[in-house]
Each structure stands twice: as structure tokens, then as C-alpha cells.
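Asker: Supplied in C-alpha cells, the structure appears directly below.
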Amino acid sequence: MFAYNLRLAWKSLLRNPVLSTLIVGGIALGVAISTAFITVYHVFSRDPIPGKSDVLFYVQMDNWDPTAPPHPHESGIPPQISYRDMRELMRSKIPVRQSPNFLASLYVFPRDAKARPSQEPIRMVFSDFFPMFDVPFRYGAGWGRAADAGPEPVVVISSELNERLFGGRDSVGETIRIDRREFRVTGVMAPWRPSIRIYDMNGDVFGEPESVFMPFNWIEPMEIRTAGNRDNWQSFDGDPTYLEILRRSEGCFLQMWVELPDEASRQAYARFLDAYTTEQRKEGRFQRPLDNRITSVRNLIQDWEVVPPQSKAIAAISILFLIVAALNLVGLFLGKFLARAPQVGVRRALGATRGSIFLQHLIECELVGLIGGAIGLLLSFGVLAFFNTVFRRMSQSEDFFHLDLTMVLAAVFLSLVAGAIAGIYPAWRICSVPPARYLRNQ
Amino acid sequence: MPFGPIFRAMTRNRSRFLLIVAEVALTLAIVANCVSLIRESQASLKVESGFDDENLLWVGSRPFAEAFREDAYLHHAIDSDLVTLRTLPGVRAASNTSFIPWIGGGSSTEVRLGGNRYRTQIYGVDPAVFDTLGVTVIQGRNFTPAELEAGTGSDPDKVISPVVISEALAKLLYPNGGALGKIIQDPSGTDSFDVIGVFDRFYNPYGWPIGEYAVFLPRRSGGFSNFGFLVRTQPGQKDALMPEIEKALLASNDGRNVRVRAIQDIRREYDSRDRAVVMALNAVMILLVFVTALGIVGITSFSVAERQKQIGTRRALGATQGDILRHFLLENWMVTSIGAVLGTGLAYAINVGLVTLVQQAKLEAWVLAAGVGLLWVVGLGAALGPALRAARVAPAIATRSV
Numbered sequence: 002m003f004a005y006n007l008r009l010a011w012k013s014l015l016r017n018p019v020l021s022t023l024i025v026g027g028i029a030l031g032v033a034i035s036t037a038f039i040t041v042y043h044v045f046s047r048d049p050i051p052g053k054s055d056v057l058f059y060v061q062m063d064n065w066d067p068t069a070p071p072h073p074h075e076s077g078i079p080p081q082i083s084y085r086d087m088r089e090l091m092r093s094k095i096p097v098r099q100s101p102n103f104l105a106s107l108y109v110f111p112r113d114a115k116a117r118p119s120q121e122p123i124r125m126v127f128s129d130f131f132p133m134f135d136v137p138f139r140y141g142a143g144w145g146r147a148a149d150a151g152p153e154p155v156v157v158i159s160s161e162l163n164e165r166l167f168g169g170r171d172s173v174g175e176t177i178r179i180d181r182r183e184f185r186v187t188g189v190m191a192p193w194r195p196s197i198r199i200y201d202m203n204g205d206v207f208g209e210p211e212s213v214f215m216p217f218n219w220i221e222p223m224e225i226r227t228a229g230n231r232d233n234w235q236s237f238d239g240d241p242t243y244l245e246i247l248r249r250s251e252g253c254f255l256q257m258w259v260e261l262p263d264e265a266s267r268q269a270y271a272r273f274l275d276a277y278t279t280e281q282r283k284e285g286r287f288q289r290p291l292d293n294r295i296t297s298v299r300n301l302i303q304d305w306e307v308v309p310p311q312s313k314a315i316a317a318i319s320i321l322f323l324i325v326a327a328l329n330l331v332g333l334f335l336g337k338f339l340a341r342a343p344q345v346g347v348r349r350a351l352g353a354t355r356g357s358i359f360l361q362h363l364i365e366c367e368l369v370g371l372i373g374g375a376i377g378l379l380l381s382f383g384v385l386a387f388f389n390t391v392f393r394r395m396s397q398s399e400d401f402f403h404l405d406l407t408m409v410l411a412a413v414f415l416s417l418v419a420g421a422i423a424g425i426y427p428a429w430r431i432c433s434v435p436p437a438r439y440l441r442n443q
Numbered sequence: 008m009p010f011g012p013i014f015r016a017m018t019r020n021r022s023r024f025l026l027i028v029a030e031v032a033l034t035l036a037i038v039a040n041c042v043s044l045i046r047e048s049q050a051s052l053k054v055e056s057g058f059d060d061e062n063l064l065w066v067g068s069r070p071f072a073e074a075f076r077e078d079a080y081l082h083h084a085i086d087s088d089l090v091t092l093r094t095l096p097g098v099r100a101a102s103n104t105s106f107i108p109w110i111g112g113g114s115s116t117e118v119r120l121g122g123n124r125y126r127t128q129i130y131g132v133d134p135a136v137f138d139t140l141g142v143t144v145i146q147g148r149n150f151t152p153a154e155l156e157a158g159t160g161s162d163p164d165k166v167i168s169p170v171v172i173s174e175a176l177a178k179l180l181y182p183n184g185g186a187l188g189k190i191i192q193d194p195s196g197t198d199s200f201d202v203i204g205v206f207d208r209f210y211n212p213y214g215w216p217i218g219e220y221a222v223f224l225p226r227r228s229g230g231f232s233n234f235g236f237l238v239r240t241q242p243g244q245k246d247a248l249m250p251e252i253e254k255a256l257l258a259s260n261d262g263r264n265v266r267v268r269a270i271q272d273i274r275r276e277y278d279s280r281d282r283a284v285v286m287a288l289n290a291v292m293i294l295l296v297f298v299t300a301l302g303i304v305g306i307t308s309f310s311v312a313e314r315q316k317q318i319g320t321r322r323a324l325g326a327t328q329g330d331i332l333r334h335f336l337l338e339n340w341m342v343t344s345i346g347a348v349l350g351t352g353l354a355y356a357i358n359v360g361l362v363t364l365v366q367q368a369k370l371e372a373w374v375l376a377a378g379v380g381l382l383w384v385v386g387l388g389a390a391l392g393p394a395l396r397a398a399r400v401a402p403a404i405a406t407r408s409v
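The listed protein sequences derive, respectively, from chains V and R. Residues are numbered in the working numbering as their position in the first sequence, beginning at 1, plus a constant of 1. Residues are numbered in the working numbering as their position in the second sequence, beginning at 1, plus a constant of 7.
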């Protein structure tokens with residue numbers, strides 16, 4: 002019966018190609034727009050690190066100037082922490098893993114002396130960083146905890162830099178020169194493109210991960226400065242060296258992440274933070290009201306409005322757009338079906354139930370919906386490709402917005418809904434046609 | 008106008024008109040809220056820096072040669088780059104500074120005045136910066152070369168630095184005027200700024216609401232890892248100069264990489280999110296109005312086709328073509344208006360939700376009024392074709408049976 006209805010629907014579509022094209026086009030337009038915009042929202046809002054959004058926590062402490070108004074960041078306290086506090090926090094054994102990080106920018110010198118050196122973005126991290134953020138490796142792995150303390154001259158490089166420096170081969174064990182030192186490669190990352198660069202929500206959130214990851218403790222011997230934001234309210238008399246400033250300053254430029262797997266460890270860590278700042282207050286620091294925070298990835302994304310709020314609004318608007326497009330088709334279907342009333346009258350007289358007439362016409366609408374949806378899905382590739390070119394600068398990626406299985410299923414669902422919106426009323430009208438009226442005039 | 012009969016005729020076939028009412032209402036509600044969102048994004052696209060953005064370039068120089076670690080070598084390199092830049096044909100002015108317009112940030116500090124503290128942007132500049140940006144020192148004077156030299160050397164005894172500040176900052180600090188010659192202090196109280204000049208225009212977006220406030224300090228800007236220049240070109244020379252500048256600077260000193268970017272491109276990048284929002288919403292609105300117009304054409308055509316016999320009868324009883332045309336247009340106008348009334352309510356309802364997402368996207372009454380006007384025009388335009396067809400229905404059709 003279903004196959005028979007499908008065949009009827011297909012024939013009916015072919016009978017009036019202009020009208021059918023209009024209807025299919027309307028649904029295609031609606032599905033294309035809504036799928037594309039919902040995808041944008043979906044890409045922005047999906048869980049950037051499944052399974053870890055609720056165990057990775059971001060640490061903030063209010064060491065801001067006690068005589069000044071609250072820090073102007075939206076959280077009301079400095080968004081990052083200072084080097085001296087980071088040193089103390091790293092002593093805690095409560096987190097199963099922990100790593101501060103910051104962005105630096107240093108020159109990498111190619112083997113070939115004739116090639117020009119290139120300034121590369123470098124992320125300074127501890128060894129725990131790699132398992133914490135599920136960094137994928139193509140060759141080798143991150144360095145061991147033992148290499149953190151020294152620090153040892155080891156690095157992890159991106160697959161893109163490995164391509165440039167080593168032609169893509171397994172370069173584990175080879176050395177590269179960064180600034181004035183030689184570093185040994187312990188791991189080459191697989192191409193890695195998190196939808197949100199969660200470990201740096203103060204910087205370019207949609208940017209690409211850095212090309213080099215280096216042991217954090219090189220900060221002192223190499224006097225590495227941050228290439229990201231640094232908030233400071235203090236200045237020193239005299240002419241202090243970089244290291245003196247680094248160790249004494251309240252300047253905040255570090256993003257501190259800790260992995261706390263359960264409620265007990267969270268509470269313990271919160272108590273540890275409070276105990277630390279309370280102790281520091283006795284020495285004259287942290288003179289503002291006690292305000293230490295640990296925030297999960299999930300909450301941080303919301304609290305800091307990492308996802309552009311417009312994307313949600315536009316996704317909602319695009320669904321309304323689909324509804325309007327579908328409503329438009331109600332009139333067209335109505336005309337198409339009612340013109341067929343005499344035939345339906347004959348079928349009804351020959352014994353077809355109202356239900357089967359209704360089903361037949363609804364199937365026709367859903368068929369149109371699905372054809373339109375398929376075309377709409379293809380169109381939405383075009384729309385997303387266009388968004389990618391607009392956002393290229395922001396995301397530096399060719400396919401930042403792309404359809405995944407969820408979105409393809411969503412598109413199918415949307416086209417069925419559109420078919421139903423457009424078809425239910427006309428199908429109901431046509432199935433309630435009284436057979437006798439049309440038999441009379443035949 | 009025969010509203011009564013038209014309305015009664017409509018009630019005999021409610022579903023059709025309810026469809027148009029629903030479409031018009033939804034369209035109005037969506038368009039009005041889209042416009043509110045667009046206005047929010049467009050506001051930031053329209054802001055002007057006050058500089059000659061069109062002809063400005065940022066020239067970034069990133070040394071890797073060890074020699075640049077020496078201050079004397081670095082300062083000499085900066086000075087000789089400035090000479091190279093200024094002698095290139097097509098360059099109007101060049102300045103060594105740490106200020107990059109439209110990068111979306113920069114450096115800031117607090118100044119203390121009386122018991123109050125004010126946050127402001129602060130940048131190292133040389134005396135050529137005003138001419139390069141295309142702004143004017145309207146009170147006081149520019150820096151002297153001697154002040155640039157004094158600011159560059161690290162002199163522990165120096166307590167007062169001359170500064171030139173933006174007019175907006177001068178007004179913030181001294182609402183009654185007279186900023187010139189005043190001493191303001193940095194928050195630690197160890198350094199003081201002597202306001203020797205005020206310049207007229209400055210806007211650079213910053214994470215904090217301090218876009219218009221700027222303090223310019225005389226000093227050579229940059230360190231081992233990078234230094235840079237703002238270059239103002241003669242009108243129309245910008246694109247041709249970009250590769251020239253890179254070539255000339257590398258020719259004079261090869262121990263670094265050079266990157267030249269147009270300030271307009273930097274701004275475009277800064278604006279990309281807002282521009283994407285505006286483009287997406289414009290596309291949705293245009294398509295939506297188009298789709299709604301198509302829907303009205305479809306339903307009105309259907310309604311005309313269905314009422315051929317009644318139209319013929321009216322014509323046979325003496326109604327003119329104009330009467331029939333008027334009937335359908337008026338009918339359409341009434342339906343659109345009912346849709347507009349419902350749409351107004353719906354628009355405000357949607358806006359309540361929207362404002363929780365994007366605070367500045369509050370719906371304004373004139374946007375709705377304009378939307379209603381637009382839908383009247385679109386509705387009448389869409390109904391015109393079918394209505395004309397209705398007017399041409401021959402009276403004789405009334406005498407035929409179906």
C-alpha cells in the first residue's frame with residue numbers, strides 16, 4: 002500500500018512540473034537556510050571535549066588591586082592567575098592532573114640554513130596538558146612528568162609544522178632549533194582541530210592549536226614572555242630584571258587548569274584554594290573580598306559567552322523561516338489537491354476510506370518534503386562553504402562549519418516537519434470531500 | 008469602501024485567509040526582530056576610528072638575528088627603517104609606534120587624578136604619529152626629537168614624562184577644560200605625566216569601554232622580538248606599496264621577517280563576526296519576504312480561480328472591472344492588516360526572548376511600522392497579478408454551468 006501511495010505521489014508530481022518545482026524549491030530553500038544556521042549554532046555550542054567538560058576546571062583568584070573597582074572582565078575578577086600563585090598551586094596533590102598554560106611566540110629555525118626562520122605560536126604547558134585535553138598524536142607522545150622539572154629540551158609539534166620541517170615523516174627523536182636552543186621532538190600531533198580551543202578561552206577561542214608545545218618551565222631560563230593578554234596593576238621601583246618581576250608580580254597571564262574527577266576532590270581543592278589565599282592575606286596580598294573560583298569547561302563556555310549569542314538567535318529565526326516557507330506551500334497544495342476532487346470523489350465512491358485518502362495525500366506531501374529536503378541539504382553545503390570563507394580569518398579553517406551526521410538527520414527531520422506543516426490541512430480537506438457531489442456532475 | 012461584503016465573503020472561506028494572516032504575522036515578527044539584531048551589529052560596524060584608515064598600513068618587523076638584542080643596534084635599525092620608509096615614493100608619513108588600530112586591543116594603564124582613577128589606553132609613539140594617523144594636535148604642542156630621545160633611554164631619575172592625550176580623555180579628566188599643563192600620575196604614584204598636548208580624534212576598540220581614551224608617550228617602541236611602524240600612503244598608493252615596503256626593508260636589513268598589512272584588512276578581520284551576522288540576517292529577510300510574496304500570489308490565484316463564477320455574476324450584474332480589482336486588492340489589504348496586528352504582538356513576544364540572548368536587540372516601534380508598510384506594499388504587489396486576472400473574467404461565465 003505504501004509503495005502504491007508513493008507511486009501515486011510520484012505520478013502526481015510529474016503531472017504538474019511547474020507547480021511541483023515551486024513547491025520543492027520552497028521546501029529546499031527553507032531546509033537549506035535552517036540547516037545551515039542550525040549547523041552554525043551546533044558547531045559553536047556542541048561539547049568541545051566530550052566526557053571531560055565536567056571534570057576539567059579553570060582556576061581564578063581575585064588578586065586585583067584592593068583600591069580599584071572590580072576587575073573589568075565579565076567575571077568581575079582577573080580572568081587569569083599570576084606566576085607566583087601558579088607556582089604555589091602546582092604543589093597541590095588534589096588534582097589528578099594539572100597544567101597552567103600561556104601563549105608565546107618564538108622563532109623556529111629550519112635545518113636548511115638557506116630557508117628563512119619563521120615565528121611560530123608556542124603554547125607553554127606541563128606534561129599533564131596532553132592527556133587532560135585529549136591531544137591526539139600521530140607519532141610519539143607528550144613528554145613525561147620527569148621532563149617538566151628540569152626542564153628538559155623536548156617539544157611536541159603540530160602535524161602542519163612536521164610537514165613543513167620534516168616533510169611529514171616520523172620526526173620523533175629529531176631536533177629543532179627554537180630561539181637559541183635545540184629541542185628534541187617527543188611527539189607529532191595528529192591534525193587537531195577542537196571546535197573551541199578550550200584551554201585558551203582568553204585568546205582566540207576559534208583559532209587553531211599552536212604549532213609547538215614546550216615544557217612550561219623554560220619560561221625562566223629562556224625568559225619567555227606571554228604573547229597573550231596580561232593584566233597588571235602593580236609597578237616596581239628601580240630597574241628589576243624580567244625574572245624578578247615574574248616571581249614577584251601580581252601580573253596575571255596564566256590559565257590554570259586542574260582535573261578534578263569527583264565532588265570530593267572539587268571540595269577539597271576549593272578548600273585548598275581558600276586556605277592558600279587566606280594565608281597570603283596575612284602577608285598583605287589578596288586584600289579584596291575572598292573570591293576563588295573553579296569553573297568547569299561547560300560552565301565557563303556559558304559564563305564567558307564564548308559562543309556568539311547571535312548564533313542562537315539566528316538559528317531560532319531560521320526555524321521560523323522554515324515554518325513560513327512551509328505555510329506558503331499550504332495554499333499551493335490546497336489548489337493542487339482540490340483540483341483533483343472529482344477523481345478523489347470516484348475513489349471514495351469505489352470504497353476508499355477517508356483515512357486512506359488522507360494517507361495518500363500526506364505521503365505525497367512528505368515525498369515533496371524529502372525531495373526538497375535533499376536539495377536543501379545540498380544547498381546548505383553551499384551556504385556553509387560561504388560562511389567558511391567569511392569566517393576564514395576568524396577560524397583560519399577551511400571547514401570550520403560542516404555538517405555532521407546529527408545535522409543531516411536534523412535536516413531530514415526538518416523536511417518531514419515542513420512537509421507535514423504544508424500537507425496536513427490540504428490532505429484533511431481533500432479526504433473530507435463528499436463523494437456524491439462529484440459523482441453527480443461526471 | 009465595501010468593507011462589509013468583502014469581510015463577509017472572507018468569512019465564508021476562512022482557512023485561506025487565515026493562512027495569509029499567519030504568514031504575514033510570522034513574516035512581520037521575524038523581519039522586525041532581524042532588523043533589531045542587524046541594528047545591534049551594524050552600530051559597531053559604523054564606528055569610525057578618526058584616522059586615515061584608507062591609506063594606513065601596519066609594517067611589522069620581527070627580528071631573529073642576534074644583533075637586535077643590543078638596544079643600540081635595535082634603535083639604530085628603527086631609525087634607519089624610518090628613513091627607508093619615508094624615502095619610498097608614495098609614502099606620506101611613517102611613525103614607529105606600538106599602536107595598531109583595529110587590532111581589538113592594545114595596552115592600557117590607569118591614571119590617578121585627585122581621588123579618582125581612570126583607565127586609558129597608552130602607547131609609545133614618535134613625533135610623526137599624528138601626521139601618520141591623520142589627526143591634529145589641537146591644544147599645546149607635539150613632542151620634540153629631544154623628548155623622544157629622553158623617553159627612549161632608561162633614566163631612573165626621570166619622574167615626569169611629557170604626554171599628548173586624546174581630547175576625549177582630556178574631557179574625562181577635566182570636564183571644564185584646561186587639561187594642558189596639568190600633571191597626572193600613574194597608579195603607583197612613582198611616574199607622572201605632564202600633559203603637553205591634546206589631539207582631536209581617537210577611537211580604538213578595547214576589551215574595556217575605553218575606546219576613546221589614549222595617552223601617547225614619546226619613546227621608540229619595540230624590543231628584540233618585534234617592532235613596527237604605521238605608514239600613511241598617498242591616496243591610491245597603498246596596494247602597490249605593500250610589496251615595495253617589504254622588499255625595501257628586507258634589503259636594508261635581512262635579519263628579520265617583515266609583514267605589511269592594510270589597516271582596513273585588520274579592521275575587516277576585527278568586524279568579521281558582525282559582518283557575518285548582518286549578511287546572514289539580510290539574506291534571511293530578503294528570502295523570507297520573497298517567499299511570503301510567492302505564497303500570497305499562490306493563495307490569491309487559487310482564490311480567484313475558485314470564485315470565477317461569482318466574479319462573472321457580479322460583472323453580469325453591473326460591477327465594473329475596477330470594482331472587481333478593488334475587491335481583491337481591498338481583501339488582500341484587510342488580510343495583511345489583520346496579519347500585521349497579530350504580527351506586532353508576536354514580534355514583541357519573540358523580542359522578549361531575543362533580548363535575553365542579545366541585550367541590545369530591543370525592538371523599536373518605528374522598525375515595526377516600517378515592517379507593516381513593507382508588508383502592505385509586498386502584499387498588494389503580490390495580489391495585483393491575480394486581481395487583474397479576476398478583473399478580466401468575462402460576465403458571460405456566469406451563464407455557464409461548471
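All residues carry an ideal CB built from backbone N, CA and C; glycine is no exception.
If you measure from the beta carbon of Ile-28/V to each beta carbon in chain R, is any gap under 8 Å?
Answerer: Taking the first sequence and counting its residues from 1, the one referred to as residue 28/V is at position 27. Ile-28/V does not count as touching chain R.
Asker: Note the first and the last residue of the continuous alpha helix (DSSP H) segment covering Met-292/R.
Answerer: For this step, residue 292/R is matched to residue 285 along the second sequence. Run containing Met-292/R: 279-313, per the alpha helix (DSSP H) assignment.
Asker: Once the 5 residues before and after Gly-378/R are set aside, which same chain residues still bring their CB inside 7 Å of it?
Answerer: As a working note, residue 378/R is residue 371 in the second sequence. Leu-35, Val-38 and Ala-39, listed in sequence order.
Asker: Among residues of its own chain, excluding the 5 on either side of Tyr-229/R, which ones have a beta-carbon nearer than 8 Å to its beta-carbon?
Answerer: Along the second sequence, one-based indexing puts residue 229/R at 222. The displayed chain sequence assigns Gly, not Tyr, to residue 229/R. Only Ser-68, Leu-81, Ile-85, Asn-103, Ser-105 and Gly-235 meet the Cβ criterion.
Asker: With C-beta atoms as the reference, is Arg-139/V less than 8 Å away from Ala-191/V?
Answerer: Walking along the first sequence from the start, residue 139/V turns up at place 138. Walking along the first sequence from the start, residue 191/V turns up at place 190. Their beta carbons are under 8 Å apart, which means Arg-139/V touches Ala-191/V by this criterion.
Asker: Which residues does DSSP pair with Arg-182/V in a beta bridge?
Answerer: For this step, residue 182/V is matched to residue 181 along the first sequence. DSSP, once it has assigned bridges, lists Ile-179/V as partnering Arg-182/V.
Asker: Using a Cβ cut-off of 7 Å, which residues of the stretch 60-71 of chain R contact any Cβ in chain V, in chain order?
Answerer: Flagged, chain order: Arg-69 and Phe-71.
Asker: Chain V beta carbons: is any one of them nearer than 8 Å to that of Thr-18/R?
Answerer: Locating residue 18/R in the second sequence gives position 11, where the first residue counts as 1. Not an interface residue.
Asker: Which same chain residues, not among the five before or five after Gln-443/V, have their C-beta less than 7 Å away from its C-beta?
Answerer: Residue 443/V sits at position 442 when you count from the first residue of the first sequence. Low local confidence applies: a pLDDT of 47 at Gln-443/V is under 50, so the model's placement there is unreliable, with the coordinate-based value given in what follows. Here the set comprises Pro-343.
Asker: Under DSSP, the beta strand (DSSP E) around Trp-258/V begins and ends at which residues?
Answerer: The count along the first sequence starts at 1 and reaches residue 258/V at position 257. First-last of the beta strand (DSSP E) with Trp-258/V: 253-260.
Asker: I'd like to know whether the C-beta of Phe-388/V is nearer than 8 Å to at least one C-beta of chain R.
Answerer: As a first step, residue 388/V is located in the first sequence; it is residue number 387 there, counting from the start. It does; some Cβ of chain R falls within 8 Å.
Asker: Check whether the Cβ atoms of Phe-335/R and Thr-307/R sit closer than 8 Å, and answer yes or no.
Answerer: Here residue 335/R refers to the residue found at position 328 when the second sequence is read from its first residue. Here residue 307/R refers to the residue found at position 300 when the second sequence is read from its first residue. In this structure, Thr-307/R lies closer than 8 Å to Phe-335/R by Cβ.
Asker: Which residues, taken in chain order from the stretch 110-127 of chain R, show a beta carbon closer than 8 Å to some beta carbon of chain V?
Answerer: Here the close residues are Gly-112, Glu-117, Arg-124 and Arg-126.
Asker: Would Met-292/R be called buried (16 or more neighbouring beta carbons within 10 Å of its own) or exposed?
Answerer: Sequence index remark: in the second sequence, residue 292/R carries index 285 (1-based). Burial call: buried.
Asker: Mind checking Ala-437/V: buried by the 16 CB within 10 Å criterion, or exposed?
Answerer: The residue labelled residue 437/V in the question sits at position 436 within the first sequence. Answer is exposed; the Cβ neighbour count stays below 16.
Asker: Mind checking whether the beta-carbon of Leu-363/V lies closer than 7 Å to any heavy atom of the ligand PLP?
Answerer: Of ligands this structure carries none, so the ligand PLP is not represented either.
Asker: Going by DSSP in three states, Val-242/V sits in which element: helix, strand or coil?
Answerer: Here residue 242/V refers to the residue found at position 241 when the first sequence is read from its first residue. Correcting the residue type first, residue 242/V is Thr in the shown sequence and not Val. It is coil, neither helix nor strand.
Asker: Below 7 Å between beta carbons is the criterion; list the residues of the stretch 302-328 of chain V that meet it against any residue of chain R, in chain order.
Answerer: Within the stretch 302-328 of chain V, the residues whose Cβ lies closer than 7 Å to some Cβ of chain R are Pro-309, Pro-310, Gln-311, Lys-313, Ala-314, Ile-315, Ile-318, Ser-319, Leu-321, Phe-322, Ile-324, Val-325, Ala-326 and Leu-328, listed in chain order.
Asker: Is the shortest distance between the beta-carbon of Gly-336/V and the beta-carbons of chain R less than 8 Å?
Answerer: Looking up residue 336/V in the first sequence gives position 335. Yes, Gly-336/V counts as interfacial toward chain R.
Asker: Would DSSP call Val-409/R helix, strand or coil?
Answerer: Here the question's residue 409/R lines up with position 402 in the second sequence. Unreliable positioning characterises Val-409/R in this predicted model, as indicated by a pLDDT of 48, which lies under 50. The coordinate reading is nonetheless provided below. Reduced to three states, the DSSP call for Val-409/R is coil.
Asker: Taking just the CA atoms, how far does Ala-228/V sit from Asn-233/R?
Answerer: Sequence index remark: in the second sequence, residue 233/R carries index 226 (1-based). Sequence index remark: in the first sequence, residue 228/V carries index 227 (1-based). Distance between the alpha carbons of Asn-233/R and Ala-228/V: 11 Å.
Asker: Three or more beta-carbon pairs under 8 Å between the stretch 285-305 of chain V and the stretch 11-21 of chain V, yes or no?
Answerer: With the cut-off at 8 Å, the stretch 285-305 of chain V and the stretch 11-21 of chain V do not touch.
Asker: Would you check if the distance between the CB atom of Trp-65/V and the CB atom of Ile-82/V is smaller than 8 Å?
Answerer: Counting from 1 along the first sequence, the entry for residue 65/V is found at position 64. Counting from 1 along the first sequence, the entry for residue 82/V is found at position 81. Against a cut-off of 8 Å, the Cβ pair of Ile-82/V and Trp-65/V comes out as no contact.
Asker: For a contact defined as C-beta to C-beta under 9 Å, what are the partners of Val-434/V on chain R?
Answerer: Residue mapping note: residue 434/V aligns to position 433 of the first sequence, counting from 1. Under the 9 Å cutoff, chain R gives no residues; its nearest Cβ is about 14 Å from Val-434/V.
Asker: Using a C-beta cutoff of 8 Å, does Arg-314/R count as contacting chain V?
Answerer: Here the question's residue 314/R lines up with position 307 in the second sequence. So, not an interface residue.
Asker: Nearest-angstrom Cα distance between Val-170/R and Val-202/R?
Answerer: Indexing the second sequence from 1 puts residue 170/R at position 163. Indexing the second sequence from 1 puts residue 202/R at position 195. Those two C-alpha atoms are separated by around 5 Å.
Asker: Tell me whether the beta-carbon of Glu-30/R lies closer than 8 Å to the beta-carbon of Leu-328/V.
Answerer: Within the second sequence, residue 30/R is the residue found at index 23, counting from 1. Within the first sequence, residue 328/V is the residue found at index 327, counting from 1. Yes, the pair counts as a contact, with Cβ atoms nearer than the cut-off.
Asker: If we call anything under 8 Å between Cβ atoms a contact, is Thr-91/R one with Leu-256/R?
Answerer: As a first step, residue 91/R is located in the second sequence; it is residue number 84 there, counting from the start. As a first step, residue 256/R is located in the second sequence; it is residue number 249 there, counting from the start. For Thr-91/R and Leu-256/R, yes; Cβs fall inside 8 Å.
Asker: Would Arg-226/R and Gly-131/R be called neighbours here (beta carbons separated by less than 8 Å)?
Answerer: As a working note, residue 226/R is residue 219 in the second sequence. As a working note, residue 131/R is residue 124 in the second sequence. Contact: yes.
Asker: Can you check whether the C-beta of Tyr-108/V is within less than 8 Å of a C-beta belonging to chain R?
Answerer: By 1-based counting over the first sequence, the position of residue 108/V is 107. Judged by the 8 Å Cβ criterion, Tyr-108/V is in contact with chain R.
Asker: So, for Tyr-270/V: in the same chain, excluding its five sequence neighbours on each side, which residues have a beta-carbon less than 8 Å away from its beta-carbon?
Answerer: Locating residue 270/V in the first sequence gives position 269, counting from the first residue. Hits under 8 Å: Phe-58, Ser-93, Ile-95, Pro-96, Val-259, Leu-261 and Ile-295.
Asker: Less than 8 Å between the C-beta atoms of Gly-370/V and Leu-417/V, yes or no?
Answerer: Residue 370/V sits at position 369 when you count from the first residue of the first sequence. Residue 417/V sits at position 416 when you count from the first residue of the first sequence. Yes, the Cβ-Cβ distance between Gly-370/V and Leu-417/V is below 8 Å.
Asker: Would you say Gly-352/R lies against chain V (beta-carbon separation less than 8 Å)?
Answerer: On the second sequence, position 345 is the one that residue 352/R refers to. With 8 Å as the cut-off, Gly-352/R does not count as an interface residue toward chain V.
Asker: With contact counted as at least three CB pairs below 8 Å, one residue from each stretch, are the stretch 253-272 of chain R and the stretch 111-125 of chain R in contact?
Answerer: No: the two stretches stay apart, fewer than three of their Cβ pairs being nearer than 8 Å.
Asker: Compare the C-beta of Gln-443/V with all C-beta atoms of chain R and state if any pair is closer than 8 Å.
Answerer: Your numbering for residue 443/V matches position 442 in the first sequence. For Gln-443/V, the predicted model reports a pLDDT of 47, less than 50, meaning its position is unreliable and no value from the coordinates is stated.
Asker: For the beta strand (DSSP E) containing Asn-339/R, name the first residue and the last one.
Answerer: Translated into positions along the second sequence, residue 339/R becomes position 332. Looking at the DSSP string, Asn-339/R is not in any beta strand (DSSP E); the run it does join, the alpha helix (DSSP H), is 328-364.
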